[in-house]
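Protein chains in written order, with the working numbering: chain A, 1 to 250; chain B, 1001 to 1250.
A virtual CB, placed ideally from N, CA and C, is assigned to each residue, including glycine.
Quick notes on the structure that follows.
Right, dumping it as structure tokens:
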């Protein structure tokens, strides 16, 4: 892998944490995405440039591993690398490290280029990928799918209306809201007593301002592992799925 | 005024902005509150220390003036000063300036000390205020009240359930959510076509995890000025009121 690496410091702000004084998973992803935006700006591949060409980057999947959630006021190092790409997909890695170099979290993400007029996935434009020095590959990665939500019994549901300020400067519902919707569907006792270790989230369909989404969550205690399975649905469409692994909170 | 001044740089992060690429008012307030938390930590008046004594700081009112909302990626200077206090109230000022010293926004805020066991306002403890070198005054400031929402006609309403991640590390519903609830009750066309210039927000009663709040907003176009009036209510309680002044978006 020869993609250019980029790193930046980030001090965890109080409004990136929840009542446990740890970063929320949505904000963890935001902090990582910030590093990739800052790298892109530094390399001249700004959102404005991409938009000017009639395109936009869209995330289709994140695979997240968390060793320890960063804490309020903690200084962390965020490292990212646009590792490789093929005709349609770009693969990017992220790492969050503590001040003394301990790996706290990592993430592997899949990006596609969306043609804004056709609303269809476009072939990766050389001028938008070359600045990152990523490896071209013929292979399409076969990433694991999030587990499916099967049982309709015992599924916890909550409804949310997409708000004006949920739409970020990229004109998408910001990532953080999908995570918040998914997590908030779990009981507070569960969230207080468990730490998120792994999450596989896959985006299928965009949601828009004013849409009402239903967040559906199932807690699977049958296995030896503690798992949760999640769906975000609008009335007729499955928009986003995820599965998570947890350990008891120390 | 002799309170110690504190200033810090802040670069506007993409997740602090909305689709207009400008900071949301809730995040503007968060960015200012961050400076006061950082000052307090530097002076040893940490949240932990205040909590250890059985107290917590609670905001009762913000008066906000905005000349220009900071934009995505903009570097700003945040300045704060714990200006003065009397037996029960602390008054703090905030300024946000652009890199070349232009004042973008200011805020005057009122804090009280809450006895966590009695859930009542307590007298300001000398050890919690002395580090700031604020002026003691006998005067209680007579700040303007937010305008009252009178008309029941034409009041726009939306309901929100307080989410797990709305509760921040201070165990309160983070400020940003009150602002988001208030703003989101306005139509998107209004938010896109106007800039917020002034806001007077007063907190009356805390809301808690799981509460459903109703955000009520009235757009007053009768006057020469463009005004909005806001309420946040739980079923039986008026929790927060605000009034805003706007100008057409350039």
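Contacts with chain B at 8 Å (Cβ-Cβ) include residue 19 (chain A).
Closest in C-alpha terms to residue 1188 (chain B), from the list A:231, A:157 and A:162, comes A:162.
In summary, residue 1196 (chain B) is buried, with 16 or more beta-carbon neighbours lying within 10 Å of its beta-carbon over all protein chains present. Taking 8 Å as the threshold, the shortest C-beta distance from residue 1164 (chain B) to chain A falls below it. Nearest in C-alpha terms to residue 1186 (chain B), of all of B:1220, B:1114 and B:1101, is B:1220. Between residue 1002 (chain B) and residue 1135 (chain B), the gap from beta carbon to beta carbon is short of 8 Å. Under the three-state reduction of DSSP, residue 1073 (chain B) is assigned to coil, being neither helix nor strand. For residue 70 (chain A), the closest alpha carbon among the candidates A:27, A:152 and A:55 is that of A:27. Under the DSSP definition of a beta bridge, residue 10 (chain A) partners with A:76. Along the segment 166-191 of chain A, the positions whose C-beta sits under 7 Å from a C-beta of chain B are 167, 168, 169, 171, 174, 176, 180, 183, 184, 188 and 191, read in chain order. No Cβ-Cβ contact shorter than 8 Å links residue 79 (chain A) with residue 57 (chain A). From the beta-carbon of residue 1014 (chain B), the residues of chain A found nearer than 7 Å are 34, 37, 168 and 169.
Using a Cβ-Cβ distance cut-off of 8 Å, the segment 75-91 of chain A and the segment 8-17 of chain A are in contact, since at least three pairs of beta carbons, one from each stretch, lie closer than that value. Of the residues assessed, residue 1208 (chain B) falls on the exposed side of the cut-off, its CB having fewer than 16 other CB atoms within 10 angstroms.
At a cut-off of 3 residues, the continuous stretches assigned as beta strand (DSSP E) that sit fully inside the segment 76-141 of chain A are 90-98, 103-115 and 120-122. Judged by beta-carbon spacing, residue 1217 (chain B) lies beyond the 8 Å limit of residue 1159 (chain B), meaning their Cβ atoms are not closer than that value. The contact set of residue 1024 (chain B) on chain A, defined by CB atoms closer than 7 Å, consists of 165 in chain order. When Cβ-Cβ separations below 8 Å define contact, residue 30 (chain A) makes contact with chain B. Taking each of B:1226, B:1043 and B:1064 in turn and checking the Cα distance to residue 1202 (chain B), the smallest one comes out for B:1064. For residue 1209 (chain B), the nearest CB of chain A lies under 8 Å from its own CB, placing it at the interface with that chain.
Inter-residue distance for residue 35 (chain A) and residue 1223 (chain B) is about 46 Å (C-alpha atoms, whole angstroms). In the three-state reduction of the DSSP assignment, residue 1050 (chain B) falls in the helix class. Membership of residue 165 (chain A) in any beta strand (DSSP E) is not indicated, and neither H nor E is assigned to it by DSSP. For residue 45 (chain A), same chain residues with a beta-carbon under 7 Å away, outside a window of 5 residues either side, are 128 and 131 in chain order.
For the segment 1069-1097 of chain B, residues whose beta-carbon sits nearer than 7 Å to a beta-carbon of chain A comprise 1072. Leaving aside the five residues that flank residue 17 (chain A) on each side, the residues in its chain whose CB is nearer than 8 Å to its CB run, in chain order, 23, 24, 27, 71 and 72.
When the five nearest sequence neighbours on each side are left out, the beta carbons in the same chain lying within less than 8 Å of the beta carbon of residue 1176 (chain B) are those of 1024, 1026, 1027, 1029 and 1030, in order along the chain. Per DSSP, reduced to three states, the secondary structure at residue 1171 (chain B) is coil, with no helix or strand assignment.
Checking the DSSP bridge columns, you'll see residue 227 (chain A) partnered with A:220 and A:245.
Here residue 238 (chain A) is near residue 231 (chain A), since their CB atoms are less than 8 Å apart. A straight line joining the alpha-carbon of residue 241 (chain A) with that of residue 1228 (chain B) spans about 39 Å. Per the coordinates, the alpha-carbon of residue 212 (chain A) lies some 28 Å from the alpha-carbon of residue 194 (chain A).
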